[in-house]
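Trainee: Pasting a structure here, questions to come.
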Amino acid sequence: MASAAACALDGRQSKAARDHAYDPWHYPSKAVQWAGHDESRAATTTATPTTSRSSSTGQQQQQQQQQRGVRDGGEEFRGVALAIFREAGLLRQFGIRDERALRFLERVRRQYSDKPYHSELHAQDVLASAHCLISQVRAQGHGPISHLDVLALYVAALGHDAGHFGLNNAYLKNSDHTLHRQKPRGSLEHFHADIIAAIVDDAEDGLTVCLPTGVRASFVDKVRSIVLSTDMAAHAGLMANFSEWVDGMVSNPPSPSSTLSDGDDVDDAYTDRGASSASPPGRGLRLGVYSLDEGQEEVTVATVELRGGRGGHGHAEEAGALERGTGSGRSWGWKLNETQRNSLLEMTMKCADLANLLQELPAADFWGERIMEENLAQGARERAEGIAVTTTANRSEAEAGYFNHQAGFLEHVVLPMFDKYTTMFTPGQFADAVLETAGQNLAAWKRQQAQQLAAAAARRHTLGGA
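Numbering (the working numbering), first residue to last: 23 to 488.
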């Protein structure tokens with residue numbers, strides 16, 4: 023087994039990481055063309071999911087290849103992930119060489135197949151969202167959130183659907199699948215967790231070899247716990263627990279002794295490796311040092327997020343709010359105990375996993391149509407095998423219910439979760455923009471559903487009068 027010293031960073035950076043530019047919240051944007059999508063569909067009175075998809079076989083194949091990332095042999099997946107790991111300071115913090123990081127990323131990528139939704143593109147999209155969200159949390163001063171916590175979150179984000187074969191837990195239960203017999207609760211999530219845990223702990227291609235020996239086992243356990251939090255059957259319990267302690271913080275603002283201060287170290291286990299201390303924004307000290315690229319100046323966590331925020335907008339006013347500590351009655355940030363920090367990491371993972379519903383409408387519909395395709399395939403398989411049908415195999419039915427499904431899931435599950443999560447943020451452009459986009463998508467899907475129902479009623483009336 024290689025030693026941590028053998029993982030020492032050699033100072034070089036891969037071409038993929040050096041050349042790739044992206045906006046975390048909007049990713050994928052330039053990298054993925056929304057083939058066949060009509061951005062004006064929100065205003066189209068007769069729009070349905072089928073009208074936005076191209077009928078050209080060649081374009082469909084191109085879209086499928088783009089969605090899978092096969093057009094570049096995984097270069098985009100590796101490049102984006104490496105750039106995020108580097109921007110978060112993880113490679114430098116743990117002495118992970120680019121070569122090892124790229125081997126790890128490729129091992130993870132190969133666990134994803136060409137399924138429409140649960141693909142490598144979904145994994146890197148979730149990683150980018152997790153990166154954006156946890157950077158906001160750290161910029162607020164909450165924690166301390168260590169580099170080890172961030173590494174566990176990012177590894178979990180990349181591997182949370184590793185090995186997914188396009189079927190859900192309901193199918194596994196109804197078909198008496200081996201995975202269900204082994205783990206009746208969260209069957210798929212345990213399966214994904216086992217895969218990513220084995221890869222990250224692999225002596226040749228994994229990352230735990232670069233960590234101090236004493237934290238390796240607990241690190242893998244944390245990765246597993248974060249992956250398991252994506253089981254929607256556990257959503258209500260996790261959400262209730264998160265809401266309870268967040269509401270408690272808001273209702274009873276912590277005293278100065280309960281907030282992070284200059285002496286609190288965000289990486290107490292790694293101070294001998296040059297980690298920076300956690301400190302409140304606006305006090306002239308650093309939350310953590312990120313290196314964006316060779317030859318560029320190091321910048322603080324807050325500066326990275328203000329630079330890389332939504333849509334490239336400037337966030338100077340948000341930085342000012344951080345310095346003033348306005349909007350929450352807290353000093354610099356909430357000092358969280360271990361249980362609360364783990365809850366925060368799990369909720370960050372859950373938000374990142376479902377963040378595509380809060381991306382701009384063309385992107386949100388891109389992902390919505392992909393999950394619809396997987397559900398249709400599962401419904402057909404259930405019908406063919408003679409087991410309980412949990413999702414329709416009828417395309418017309420699926421398309422007729424698409425807008426209602428998107429609106430309902432966003433309104434009753436995703437939006438309440440993000441609303442509670444962003445309670446932790448000082449009022450500013452990021453939180454406002456995320457919730458504004460959610461509201462716009464919700465309104466668009468409800469409007470399109472109403473238009474779809476009206477058009478169907480008109481057709482019935484015409485047929486009835488004929």
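Even glycine gets a Cβ: it sits at the ideal position worked out from N, Cα and C.
Could you spell out where the alpha helix (DSSP H) holding T21 opens and where it closes?
Mentor: What is shown of the chain runs 23 to 488, which leaves residue 21 out entirely.
Trainee: Please determine, among R160, N196, A123, A179, the residue with the shortest C-alpha to C-alpha distance to G401.
Mentor: N196
Trainee: Would you check if the distance between the CB atom of I106 and the CB atom of A150 is smaller than 8 Å?
Mentor: Yes, the Cβ-Cβ distance between I106 and A150 is below 8 Å.
Trainee: Out of E407, A374, N397, A406, which one is the CA nearest neighbour of L144?
Mentor: Per the sequence shown, the amino acid found at residue 144 is His instead of Leu. Looking at the Cα atoms, A374 is the closest of the given residues.
Trainee: Taking the C-alpha atoms as reference points, what is the distance between E398 and G461?
Mentor: The question names Glu, but residue 398 is Leu in the sequence shown. Approximately 28 Å between the Cα atoms of the pair.
Trainee: So, helix, strand or coil for D165, using DSSP?
Mentor: Contrary to the premise, residue 165 reads as Gly rather than Asp in this sequence. Looking at G165 - three-state DSSP - the assignment turns out to be strand.
Trainee: Confirm the yes/no value for this check: CB of Y443, any heavy atom of the ligand ADP, distance under 7 Å.
Mentor: This structure does not include the ligand ADP; it has no bound ligands of any sort.
Trainee: Indicate the three-state DSSP secondary structure (helix, strand or coil) for P468 in the structure shown.
Mentor: Strictly speaking, residue 468 in this sequence is Lys, with Pro absent from that position. Helix, per DSSP.
Trainee: Can you tell me which of the three DSSP states K442 falls into?
Mentor: helix
Trainee: Helix, strand or coil, according to DSSP, for K244 in the structure here?
Mentor: helix
Trainee: Can you tell me which of the three DSSP states K357 falls into?
Mentor: strand
Trainee: Check Y139 in the structure and name its three-state DSSP category.
Mentor: coil
Trainee: If you draw a straight line from the alpha carbon of Q474 to that of H483, how long is it in whole angstroms?
Mentor: 14 Å
Trainee: From F264 to A480, what distance separates their C-alpha atoms?
Mentor: 46 Å
Trainee: List the whole-angstrom C-beta distance separating Q133 from A103, where the pair is believed to meet the contact cut-off of C-beta under 8 Å.
Mentor: No, Q133 and A103 are not in contact; Cβ-Cβ is about 13 Å, not under 8 Å.
Trainee: Which of the three DSSP states, helix, strand or coil, is assigned to G423?
Mentor: G423: coil per DSSP, three-state reduction.
Trainee: Please classify P206 as buried or exposed, where buried requires at least 16 neighbouring CB atoms within 10 angstroms.
Mentor: exposed
Trainee: Got a sec? Which residues, its chain only, sit under 6 Å from G96 by beta carbon, not counting five neighbours each side?
Mentor: R131
Trainee: In chain order, what residues of the same chain lie with their CB nearer than 7 Å to the CB of I248, ignoring the 5 residues before and after it?
Mentor: A174, L175, A178, L367, E368, M371
Trainee: CB N463 to CB L379, shorter than 8 Å?
Mentor: Result yes, Cβ atoms of N463 and L379 sit closer than 8 Å.
Trainee: Report yes if the CB atom of H164 is closer than 8 Å to the CB atom of G390, and no otherwise.
Mentor: No. Outside cutoff.
Trainee: Do you know whose CA, among D454, R403, M394, lies nearest P138's CA?
Mentor: M394
Trainee: Looking at L233 and F126, is the spacing between their C-beta atoms short of 8 Å?
Mentor: no
Trainee: Rounded to the nearest angstrom, what separates R238 and E121 at their Cα positions?
Mentor: 20 Å
Trainee: Mind checking whether V268 and T412 have CB atoms under 8 Å apart?
Mentor: no
Trainee: According to DSSP, is S251 part of a helix, a strand, or is it coil?
Mentor: coil
Trainee: Just to confirm my understanding: we take M261, look at its own chain, exclude 5 residues before and 5 after, and list those with CB closer than 7 Å. What are they?
Mentor: M439
Trainee: For D8 and L457, what's the separation of their Cα atoms in angstroms?
Mentor: Residue 8 lies beyond the residue range present for the chain, which begins at 23 and ends at 488; the question has no answer from this structure.
Trainee: Mapping DSSP to helix, strand and coil, what is L149?
Mentor: helix
Trainee: Which residue marks the beginning of the alpha helix (DSSP H) containing D120, and which one marks its end?
Mentor: 120-131
Trainee: Taking the Cβ atom as the reference point for each residue, do Q162 and F452 lie within a distance shorter than 8 Å?
Mentor: no
Trainee: Taking 8 Å as the cut-off, decide whether the C-beta atoms of L250 and G185 are in contact.
Mentor: No, Cβ-Cβ distance for L250 and G185 is not below 8 Å.
Trainee: With DSSP collapsed to three states, give me the class of V411.
Mentor: coil
Trainee: Would you mind sorting G181 into buried or exposed? The rule is 16 or more other CB atoms within 10 Å of its CB.
Mentor: buried
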